[in-house]
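2 protein chains.
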Amino acid sequence: MSTAVAKIVDGGEKALMRRILEFFKDRRFEPGERLPGERVLAERFGVGRNALREALAALISLRVIEARPNSGIYLRHFASESSFDTLVLLSEMGEPPSPQEILESIEVRSPLEREACRLACKRCTSDDIDALRQILDEIDRVISVKGNIADLDQAFHVALVEATHNSVLVRVLHSFYCLSMERRRVYFANPMRGQESAKAHRQIVAAIEKRDAAKADRLMTKHLDNARVYWGVVLGSSLDAAGGSQPRSKRRRPAEDV
Amino acid sequence: MSTAVAKIVDGGEKALMRRILEFFKDRRFEPGERLPGERVLAERFGVGRNALREALAALISLRVIEARPNSGIYLRHFASESSFDTLVLLSEMGEPPSPQEILESIEVRSPLEREACRLACKRCTSDDIDALRQILDEIDRVISVKGNIADLDQAFHVALVEATHNSVLVRVLHSFYCLSMERRRVYFANPMRGQESAKAHRQIVAAIEKRDAAKADRLMTKHLDNARVYWGVVLGSSLDAAGGSQPRSKRRRPAEDV
DNA sequence: ATGCATATATTGGTGGTACCATTGTGGTAG
DNA sequence: CTACCACAATGGTACCACCAATATATGCAT
Chain A
4 MSTAVAKIVD GGEKALMRRI LEFFKDRRFE PGERLPGERV LAERFGVGRN
54 ALREALAALI SLRVIEARPN SGIYLRHFAS ESSFDTLVLL SEMGEPPSPQ
104 EILESIEVRS PLEREACRLA CKRCTSDDID ALRQILDEID RVISVKGNIA
154 DLDQAFHVAL VEATHNSVLV RVLHSFYCLS MERRRVYFAN PMRGQESAKA
204 HRQIVAAIEK RDAAKADRLM TKHLDNARVY WGVVLGSSLD AAGGSQPRSK
254 RRRPAEDV
Chain B
4 MSTAVAKIVD GGEKALMRRI LEFFKDRRFE PGERLPGERV LAERFGVGRN
54 ALREALAALI SLRVIEARPN SGIYLRHFAS ESSFDTLVLL SEMGEPPSPQ
104 EILESIEVRS PLEREACRLA CKRCTSDDID ALRQILDEID RVISVKGNIA
154 DLDQAFHVAL VEATHNSVLV RVLHSFYCLS MERRRVYFAN PMRGQESAKA
204 HRQIVAAIEK RDAAKADRLM TKHLDNARVY WGVVLGSSLD AAGGSQPRSK
254 RRRPAEDV
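Heads up: the sequence lines are chains A and B, in that order.
Residue numbering for the first sequence follows the numbering used here, beginning at 4 and increasing consecutively.
Residue numbering for the second sequence follows the numbering used here, beginning at 4 and increasing consecutively.
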């Protein structure tokens, strides 16, 4: 859905933001460096100062740049200061994350989702469980007609994290889900993965319902590990052994574990 | 620093964004609801359409609203869809997070920082260690003159997470650090806490240097627990028993299970 | 009364201009 | 060399006119 929305909005601001960010990369602007004035930039990109300022406002809100009145626009430290949602926005406007960023994202998601499982075990209500079960049923239905459960998979994970009743965690993980939406769609193009996923989901929900945090954690770890390994292989990375989960005794390649 | 920067930028867009968000709250807009047109909003807030659109562009980039051409502006689902950085931006413009959000943030930070410790043990370079030690020395210097180490504390945590060489993790945690900057300053107003913190930092760095992930994790857990308990007490919450980590007496090892 | 076609109003998107307050700079007078 | 002042450049803001697309209203013809 977020993609569909993005398509709607796309015609506007975001294309310009992308061009601006590419401009930064091309020109090798250093963090802290002052970049051309608004009027110059507007002319350079062939847009009015108005449209440019809107794009800059968005970039400011994402902490990519900062504007100092009567001085200029300055590039912030890119990798560390700019918000994670910069990546989300970029991916929404068609700039796919790099393989590196994908694997890094999975690495960050894992401990968060595991924490979500543990918290859900502590705090979930029967309503939360109902919501999860409803999504599980819907997933089964879609699987039975060989549909793509990408959206429902995200809905499940959202519902799960909402069961933690921690709105900050919901927001953070929601950003991750948006970031990986395209990849999720590819992943679930294979219906078999949908079945695997559905099975794991049911087990996780059952563990949460029984308030068995250890089991829920273990199941989620395994569940996420599948995706991590999959993308590690697909992207041909060597990061796989450095994933977000701790050695679960077996299934760990000591190959490059430190 | 981010606060200082915010002060510089403050005069501009952000005040308007805050007013808009307050307007949403006051009017009890429901998610998905269409809100007044740009021209109406501009007049309502007594600003030009231009300034309003810049604020909207920022809110769009944070996924608080979405604009559909030839249709209107629509409010997105607030708690789950809007980005975590919305909170960061709000705090930068003087809207402090609620106690609830503070404790929730700590709850999310904890597993991330623990993961950062583990990853740093695997991947940190001697340069990373040097950077950390340099900050530690600087912290000692400031403590010796009874200064406030809030900024340095953040620098330490940033340097630590940078030692993971995971840029996504850096971005996410950086957002958290920005969000809690004001509180950190309050916390370290008491020099004793600075000393406690410095000691814990040294132990953590030592553990990381020895690649002892279990110990680093344990130390970080304890370190964060101090802050969690502190803020739980200060904010008078009952959430403390539900925090991201277990009671210290239980001495959890890295990923074990719980 | 119905139904289709046209006109109108409204939407967000964009470019342009003029102006403000502030600041940095550079030249000039002392 | 210093002090002062004028000027240029900055981002911040407002207002305007227009566009393309849409939803709504209108009106005409059947």
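Where is the CB? At the ideal position from N, CA and C, for every residue including glycine.
- A/Q137 counts as exposed, since fewer than 16 other beta carbons sit within 10 angstroms of its beta carbon.
- Scanning its chain for C-beta atoms nearer than 7 Å, with the 5 sequence neighbours on each side dropped, one finds around B/D88 the residues L65, S178, in chain order.
- Nearest to B/E118 by alpha-carbon distance, out of B/T167, B/N151, B/E95, is B/T167.
- Distance check between A/G35 and each of A/F48, A/A82, A/E16, A/E41 places A/A82 closest, using alpha-carbon atoms only.
- Contact between B/A230 and B/I109 holds, with the beta-carbon distance rounding to 7 Å and staying under 8 Å.
- In this structure, DSSP gives B/R31 a state outside helix and strand, which the three-state scheme calls coil.
- A direct Cα-Cα distance of roughly 13 Å separates A/L122 from A/A162.
- Under the DSSP definition of a beta bridge, B/E69 partners with B/Y77.
- Contact between B/C127 and B/D220 does not hold, since the beta-carbon distance rounds to 14 Å and is not under 8 Å.
- When 8 Å is used as the limit between beta carbons, A/A82 is near these residues of chain B: S170, V173, R174, in chain order.
- Counting the other Cβ atoms within 10 Å of the Cβ of A/E95 gives 16 or more, which makes it buried.
- Residue-level contact check: A/C127 does not touch chain B, since none of the beta carbons of chain B fall below 9 Å from its beta carbon.
- Nearest CB-CB separation between B/H177 and chain A: below the 9 Å threshold.
- Proximity of the segment 205–216 of chain A to the segment 132–151 of chain A meets the contact definition, three or more beta-carbon pairs being nearer than 8 Å.
- Chain order gives no chain A residues near B/S200, where near means a beta carbon separation below 8 Å; the closest approach is about 21 Å.
- Residue environment analysis places B/S74 among the exposed positions, since fewer than 16 neighbouring C-beta atoms fall within 10 angstroms of its C-beta.
- About 18 Å separates the Cβ atoms of A/V208 and A/L115, ruling out a contact at the 8 Å cut-off.
- Going by beta carbons, A/E57 and A/E107 fall outside the 9 Å limit.
- Within its own chain, the residues whose Cβ lies closer than 7 Å to the Cβ of B/R205, once the five positions on either side in sequence are excluded, are L139, listed in chain order.
- In the structure shown, A/L238 falls within a coil segment according to DSSP collapsed to helix, strand and coil.
- Proximity of A/E107 to chain B, defined by a Cβ-Cβ separation below 9 Å, is satisfied.
- Nearest Cα to B/Q198 within the set B/E141, B/R174, B/L238: B/E141.
- With its beta carbon at least 9 Å from every one in chain A, B/M223 lies outside the interface.
- Under the three-state reduction of DSSP, A/R214 is assigned to coil, being neither helix nor strand.
- Across the set A/S101, A/V175, A/L59, the C-alpha of A/V175 shows the shortest separation from the C-alpha of B/L90.
- For A/T89, the enclosing alpha helix (DSSP H) starts and ends at 88–95.
- For B/I152, there is no enclosing alpha helix (DSSP H), as DSSP gives it neither H nor E.
- According to the DSSP secondary-structure assignment, B/L106 is paired through a beta bridge with no residue.
- For A/P114, the C-beta contacts it makes with chain B under 8 Å involve P114, L115, R117, E118, in order along the chain.
- Fewer than three beta-carbon pairs drawn from the segment 21–28 of chain A and the segment 19–28 of chain B are found closer than 8 Å, and the two stretches are therefore not classed as touching.
- Here the alpha carbon of A/D143 sits roughly 10 Å from the alpha carbon of A/G150.
- Classified as exposed, A/V189 has fewer than 16 neighbouring CB atoms from the shown chains inside 10 Å of its CB.
- No Cβ-Cβ contact shorter than 9 Å links B/L62 with B/E41.
- From the beta-carbon of B/R56, the residues of chain A found nearer than 7 Å are E57.
- Listed along the chain, the chain A residues whose CB falls inside 8 Å of the CB of B/V236 amount to none; the nearest CB is some 19 Å away.
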